[in-house]
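One structure is given below, encoded as structure tokens.
In the numbering used here, the protein residues as written are 2 to 403.
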């Protein structure tokens with residue numbers, strides 16, 4: 002939309018629709034995502050319920066293979082549109098929710114539906130953007146999305162303080178639904194019969210040792226980060242007494258850094274080593290737990306958490322694009338949903354287990370101890386994956402890490 006002129010005319014219409022849909026979803030995410038766990042804690046949610054909220058995006062991913070079987074041979078864009086709409090419309094129920102248990106149930110229910118849309122989205126992106134330009138096109142859209150998120154985050158905390166989640170979350174839902182139905186205007190090439198037949202053949206992912214090795218090391222790193230994930234909102238509410246306005250400022254800075262990061266990462270993916278990009282993103286995100294550790298042990302105030310915005314924003318911007326495109330490089334054209342499903346299933350396992358384990362560990366060794374374990378285990382995984390990348394010659398013309 003804002004950057005339409007930067008993409009070739011051959012797929013500019015697709016880009017424009019994708020961009021408008023992305024801007025609508027930015028309003029939806031900006032008014033909900035920063036506050037979901039914080040609101041739950043203020044409603045009286047226990048550490049167990051908070052860990053369930055953190056695990057919620059991963060619980061639905063356990064059913065990825067069922068989604069794959071259901072989508073096989075069908076037009077994936079319908080799953081993107083209706084799957085995302087069905088998930089987002091549940092936020093309307095927040096207008097009448099007052100207890101933490103029902104609140105948590107709605108978040109979990111949303112995430113049981115959403116993975117189907119995510120799997121289908123990967124297939125749509127592969128079909129509508131050429132390989133040599135996909136990273137930049139997706140990067141430009143995310144620049145626009147994070148520009149909206151940056152501006153909105155500054156106001157969202159104050160809006161939440163003034164009107165509360167019962168008003169703000171349903172308003173956000175309207176933008177989420179607009180995003181879903183705007184995306185339906187994208188024209189995707191019909192699935193040909195030979196692709197349907199190929200999808201119907203039995204597929205053994207275990208034959209792809211390179212992808213499984215990547216997935217194993219990456220999962221160790223992801224597990225390490227998620228050990229601390231459920232503790233961050235508890236730490237901010239219980240120890241730092243943060244306001245919604247402060248949460249908004251933190252997320253505004255994260256989104257600003259992510260916005261700037263997408264200028265860097267979009268071209269990086271298309272032109273440089275996707276392996277080295279993956280390692281850089283992992284290092285940035287692993288650094289978040291160190292910041293929380295220092296704030297905790299040194300008894301610093303909320304404002305010392307602001308370095309999180311630098312590490313998390315830059316790493317998050319690159320991580321989303323890098324891993325998405327890395328999986329597309331591993332996967333054959335007709336097996337993208339299957340590869341994405343295995344990635345999401347691995348995410349589900351670590352996403353369900355790690356927050357629960359982290360919550361239990363914090364009761365024994367305290368939150369600072371869990372923060373440090375997250376960092377150390379994450380660094381071990383980064384070293385292992387970096388060494389593995391150096392052993393690879395090429396994966397579908399991806400240059401090796403230097």
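Where is the CB? At the ideal position from N, CA and C, for every residue including glycine.
Just to confirm my understanding: we take residue 42, look at its own chain, exclude 5 residues before and 5 after, and list those with CB closer than 7 angstroms. What are they?
Its chain contains 51, 234, 235 and 238 as the residues whose beta carbon lies nearer than 7 angstroms to that of residue 42, once the 5 sequence neighbours on both sides are disregarded; these appear in chain order.
On the three-state DSSP scale, how would you describe residue 260?
Secondary structure of residue 260 (DSSP, three-state): helix.
Just to confirm the assignment, what range does the alpha helix (DSSP H) spanning residue 115 have?
Per DSSP, residue 115 belongs to the alpha helix (DSSP H) from 101 to 129.
Just the C-alpha distance for residue 291 and residue 285, rounded to the nearest angstrom, thanks.
C-alpha of residue 291 to C-alpha of residue 285: approximately 11 angstroms in a straight line.
Tell whether a beta-carbon distance below 9 angstroms holds between residue 183 and residue 93.
No, the Cβ-Cβ distance between residue 183 and residue 93 is not below 9 angstroms.
Tell whether a beta-carbon distance below 9 angstroms holds between residue 386 and residue 219.
Against a cut-off of 9 angstroms, the Cβ pair of residue 219 and residue 386 comes out as a contact.
Please report the distance separating the alpha-carbon of residue 49 from that of residue 106.
When rounded, the distance between both Cα atoms is 13 angstroms.
Which first and last residues belong to the alpha helix (DSSP H) in which residue 10 is found?
From DSSP, residue 10 is part of no alpha helix (DSSP H); its letter is neither H nor E.
Opening and closing residue of the alpha helix (DSSP H) in which residue 34 lies
Per DSSP, residue 34 belongs to no alpha helix (DSSP H) and is neither H nor E.
Roughly how many angstroms separate the alpha carbons of residue 200 and residue 89, rounded to a whole number?
The pLDDT assigned to residue 200 is 45, lower than 50, so where the model puts this residue is not dependable, and the model offers no usable value.
Which same chain residues, not among the five before or five after residue 66, have their C-beta less than 8 angstroms away from its C-beta?
Within the same chain, residue 66 has close Cβ partners 342 and 346.
Where does residue 22 fall in DSSP's three states?
It is helical.
Beta-carbon proximity list for residue 214, same chain, < 7 angstroms, skipping 5 on both sides:
If we look at residue 214 and ignore the five residues flanking it on each side, its Cβ neighbours are 389.
Spatial neighbours of residue 104 within its chain, please: C-beta separation below 8 angstroms, excluding the five flanking residues on both sides.
Within the same chain, 40, 41, 44, 46, 95 and 98 come within 8 angstroms of residue 104 by CB-CB distance, once the 5 residues on both sides are set aside.
With C-beta atoms as the reference, is residue 249 less than 9 angstroms away from residue 266?
For residue 249 and residue 266, no; Cβs fall outside 9 angstroms.
Compare the Cα-Cα distances from residue 155 to each of 241, 28 and 167 and report the closest residue.
Residue 28 is the option with its Cα nearest to residue 155.
State the DSSP-derived secondary structure class of residue 209, mapped to helix, strand or coil.
Here residue 209 sits in coil by DSSP.
Note down, in chain order, each residue of its chain lying with its Cβ closer than 8 angstroms to the Cβ of residue 359, except the 5 sequence neighbours on either side.
Once the five neighbours on either side are set aside, the close Cβ partners of residue 359 are 52, 227, 228, 229, 230, 231, 232, 371 and 375.
Relative to the C-alpha of residue 276, which candidate in 330, 309 and 287 has its C-alpha closest?
From the listed residues 330, 309 and 287, the smallest Cα separation to residue 276 is found for 330.
How many Å lie between residue 295 and residue 143 at the Cα?
Their Cα atoms are separated by approximately 31 angstroms.
Is the separation between the beta-carbon of residue 121 and that of residue 224 shorter than 9 angstroms?
No, the pair does not count as a contact, with Cβ atoms beyond the cut-off.
If you run the structure through DSSP and keep just helix, strand and coil, what is residue 56?
The answer is helix: DSSP assigns residue 56 an H, G or I state.
For the putative contact between residue 82 and residue 181, defined by C-beta atoms under 8 angstroms, what is the C-beta separation to the nearest angstrom?
Contact holds; Cβ gap of about 5 angstroms.
Short check: CB of residue 261 to CB of residue 307, under 9 angstroms?
For residue 261 and residue 307, no; Cβs fall outside 9 angstroms.
Span of the alpha helix (DSSP H) holding residue 149?
Start and end: 132 to 164.
Bounding residues of the alpha helix (DSSP H) (the contiguous stretch that carries residue 291)
First-last of the alpha helix (DSSP H) with residue 291: 275 to 298.
So, at 6 angstroms on beta carbons, what are the nonlocal neighbours of residue 280 in its own chain, with the 5 sequence-adjacent residues on each side left out?
Within the same chain, residue 280 has close Cβ partners 387.
Do you know offhand how far residue 326's Cα is from residue 338's?
C-alpha of residue 326 to C-alpha of residue 338: approximately 13 angstroms in a straight line.
Is it buried or exposed for residue 38, if we count other Cβ within 10 angstroms and need 16 for buried?
Its Cβ being crowded by 16 or more others within 10 Å, residue 38 is buried.
To which residues of the same chain is residue 11 closer than 7 angstroms at the C-beta, ignoring the five residues directly before and after it?
Cβ neighbours of residue 11 beyond the five flanking positions: none.
Taking the C-alpha atoms as reference points, what is the distance between residue 297 and residue 380?
Rounded to the nearest angstrom, the two C-alpha atoms are 20 angstroms apart.
So what's residue 74 in DSSP terms, helix, strand or just coil?
Residue 74 carries a coil assignment under DSSP once its states are collapsed to helix, strand and coil.
Keeping to the same chain, check which residues put their C-beta closer than 8 angstroms to that of residue 383; ignore five residues upstream and five downstream.
Hits under 8 angstroms: 222, 280, 283, 284 and 287.
CA-CA distance, residue 7 and residue 101?
Distance between the alpha carbons of residue 7 and residue 101 is about 46 angstroms.
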